[in-house]
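The structure appears right after this line, and notes come after that.
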Amino acid sequence: MIKRKIILDCDPGHDDAIAIMLAAKSQAIDLLGITVVAGNQTLDKTVVNALNVCQYLNLDIPVYRGCENPMIRDKQIVADDIHGDSGLDGPKFEPLNREVEKQHGVLYIIDTLLKSEGDITVVTTGPMTNLAMAIRLCPEILPKIQEIVLMGGCYQLGNMTPAAEFNVLADGDAAHVVFTCGRKITMVGLDVTRKVLCLPSVMERMAKTQNKASKLFIDLMTFFNKSQNEVFGWAGGPLHDPVTIAYLIDPSVLTTKEMFTQIDIRSEQSYGRTNCDYFNYFKKKPNSNVSIDIDVEKFWDIIEEGIKAYN
Ligand code: RIB
Ligand code: CA
Numbered sequence: 003m004i005k006r007k008i009i010l011d012c013d014p015g016h017d018d019a020i021a022i023m024l025a026a027k028s029q030a031i032d033l034l035g036i037t038v039v040a041g042n043q044t045l046d047k048t049v050v051n052a053l054n055v056c057q058y059l060n061l062d063i064p065v066y067r068g069c070e071n072p073m074i075r076d077k078q079i080v081a082d083d084i085h086g087d088s089g090l091d092g093p094k095f096e097p098l099n100r101e102v103e104k105q106h107g108v109l110y111i112i113d114t115l116l117k118s119e120g121d122i123t124v125v126t127t128g129p130m131t132n133l134a135m136a137i138r139l140c141p142e143i144l145p146k147i148q149e150i151v152l153m154g155g156c157y158q159l160g161n162m163t164p165a166a167e168f169n170v171l172a173d174g175d176a177a178h179v180v181f182t183c184g185r186k187i188t189m190v191g192l193d194v195t196r197k198v199l200c201l202p203s204v205m206e207r208m209a210k211t212q213n214k215a216s217k218l219f220i221d222l223m224t225f226f227n228k229s230q231n232e233v234f235g236w237a238g239g240p241l242h243d244p245v246t247i248a249y250l251i252d253p254s255v256l257t258t259k260e261m262f263t264q265i266d267i268r269s270e271q272s273y274g275r276t277n278c279d280y281f282n283y284f285k286k287k288p289n290s291n292v293s294i295d296i297d298v299e300k301f302w303d304i305i306e307e308g309i310k311a312y313n
C-alpha cells in the first residue's frame, strides 16, 4: 500500500491528540511532521500538548511551533471551556523531555513542500493560520500540495456562533486564503463530525483494548465528553479532528459534495461563516469537496484499529 505523506497542522486539543495517535501508526499514512498553531489554547500550551502526546506514545515525529496569533484579527480565541486550562486536561503525563524543533512551523511547511514530489497532503485540524501564512509567504508551494484535508466550518450550524465553527472563526482570514488557493480541498465540517459522538458504548468498546493508546483515549475522552455535555448537552463528545485522518485511511468513510465555499470575513455577526453553496445558487466553480455524511460504524472501526496498532 502506498502511504499518504502528510503534514498535520493542529492545536491539541483532545480530538487533535487522537488524530495524531491515529495518523502516527496507520499503515496508510506517513506522518512527516506535526506543526502546531494557537487555537484550543495558547501556542505555548498547544506545543507542550503535542510534545506530550508524542512522548507518551513514543512517536519519533518532529513537532514544530507555528503561529501564535491569527493573521489579522487582534484577539486569539481559545476553547478552554472544552479543553481545559492546559488545552489537554484529563491525562497525566510524565515530565516532558521532548523538545520542539528549532525551525518555525510555517517555514517547515514551505521547505517540506518545495522539496517534495508534489505528493504531500496537508491536514489542518486547528485554525489555518500556519498554512495560510505559508501560502502567502511562498505561493510556489501551491502546486506541491496534493490535497488539503481540513477539519473546519459547517454548512449548517456553527459551534462558537450560530454561523461559525471554532477553527474558522479563530482565523477566518486564514481560512479565506486556504479556500481561495485553488488546490483540492476536502472540508470535514461539524455537519459530519457531530455524527461521531463518543458515547458510553464507544468508551466501553475502546477500553477493551488494554494498551497505552486506549488508556490515553479514555483519559482524553472522559474529560472531553464531560465538557461537551456541559456546554452542548451531547451524550458524548463529537470526535471532530480524527475524521480527517479516517478519511485518508479509508475515503469511503465520508460522502462529499462539490460546492463553492466562501468565508465571511466582512460581517461582524457572521464572521468566520463557511458559506457552502449547497444548491449552487451562484453557479461558481466548486472549490471544495464538502462532507455531507459519514459512515459512523466504519469510523469507529478505524478508531479501534488505530488504538490496536499500539499493541
Ligand atoms: O470546532 C471543532 C474544532 O475546533 C476541533 O478541531 C477542535 O479541536 C477545535 O480546534
Ligand atoms: Ca483541533
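The opening residue of the sequence shown carries number 3 in this note's numbering; numbering runs sequentially from there.
Just so you know, even glycine gets a beta-carbon here, dropped at the ideal spot from N, CA and C.
What you are looking at is a predicted structure, and each value in this text was computed from that prediction instead of being measured.
In this structure, the straight-line span from the alpha carbon of Arg275 to that of Leu90 is close to 26 Å.
A Cβ-Cβ contact shorter than 8 Å links Gly120 with Gln148.
Residue environment: Phe226 is assigned as buried (16 or more neighbouring CB atoms within 10 Å of its CB, all protein chains considered). Assignment of Met189 by DSSP, reduced to helix, strand and coil, places it in the strand class. Exposed is the label assigned to Gly184, since fewer than 16 other Cβ atoms lie within 10 Å of its Cβ. Rounded to whole angstroms, the Cβ separation of Ile31 and Ala25 is 5 Å, and the two are in contact under 8 Å. For Cys69, the CB contacts under 8 Å within the same chain, skipping 5 residues up- and downstream, are Val39, Ala40, Leu45, Gly107, Val108, Thr131, Asn132, Met135 in chain order. For Gly15, the shortest separation between its Cβ and any heavy atom of ligand 2 lies below 7 Å. Ranked by Cα distance from Ser203, the options Glu232, Ser229, Ile309, Gly238 are led by Gly238. Taken in chain order, the complete beta strand (DSSP E) segments of 3 residues or longer contained in the region 3 to 52 are 6 to 12, 31 to 38. Measuring C-alpha to C-alpha distances from Ala172 to each of Lys27, Ala311, Ile265, Leu10 identifies Ile265 as the nearest.
Counting other Cβ atoms within 10 Å of its Cβ, Gly174 reaches 16 or more and is therefore classed as buried. Counting along the chain, no alpha helix (DSSP H) covers Gln105, and no H or E run does either.
In terms of Cβ geometry, Asp18 and Asp193 do not form a close pair [threshold 8 Å].
With 16 or more neighbouring CB atoms inside 10 Å of its own CB, Asn42 falls in the buried class.
Rounded to whole angstroms, Val179 and Lys7 show a C-alpha spacing of 23 Å. Between the region 149 to 167 and the region 269 to 285 there are three or more inter-stretch CB-CB distances shorter than 8 Å, so the stretches are counted as touching. The region 98 to 107 and the region 47 to 64 touch, with no fewer than 3 CB-CB distances between them shorter than 8 Å. Linking Ser216 to Lys186 through their CA atoms gives a straight-line distance of about 33 Å. Under DSSP, the beta-bridge partners assigned to Leu152 are Thr126, Met189. Straight-line spacing of the CA atoms in Asn313 and Lys286 works out to 48 Å. The beta carbon of Cys12 sits closer than 6 Å to those of Asp18, Thr127, Gly128, all from its chain and outside the five residues before and after it, given in chain order. Between the C-alpha atoms of Thr211 and Ile74 there is a straight-line separation of about 45 Å. If you check the C-beta of Glu232 against ligand 1, you find no heavy atom less than 7 Å away.
As the crow flies, the alpha-carbon of Ile309 is around 28 Å from that of Asn291.
Collapsing the DSSP output to three states places Arg138 in a helix. Note that the C-beta distance between Val151 and Tyr249 is below 8 Å. At least one heavy atom of ligand 1 lies less than 7 Å from the C-beta of Met153.
For Val198, there is no enclosing alpha helix (DSSP H), as DSSP gives it neither H nor E. DSSP, read as helix, strand or coil, puts Cys278 in strand. Restricting attention to Asp83, Arg138, Ile143, the CA atom closest to the CA of Ile112 is found in Ile143. Ser229 and Asp83 do touch by the CB rule: their CB atoms are close to 7 Å apart, below 8 Å.
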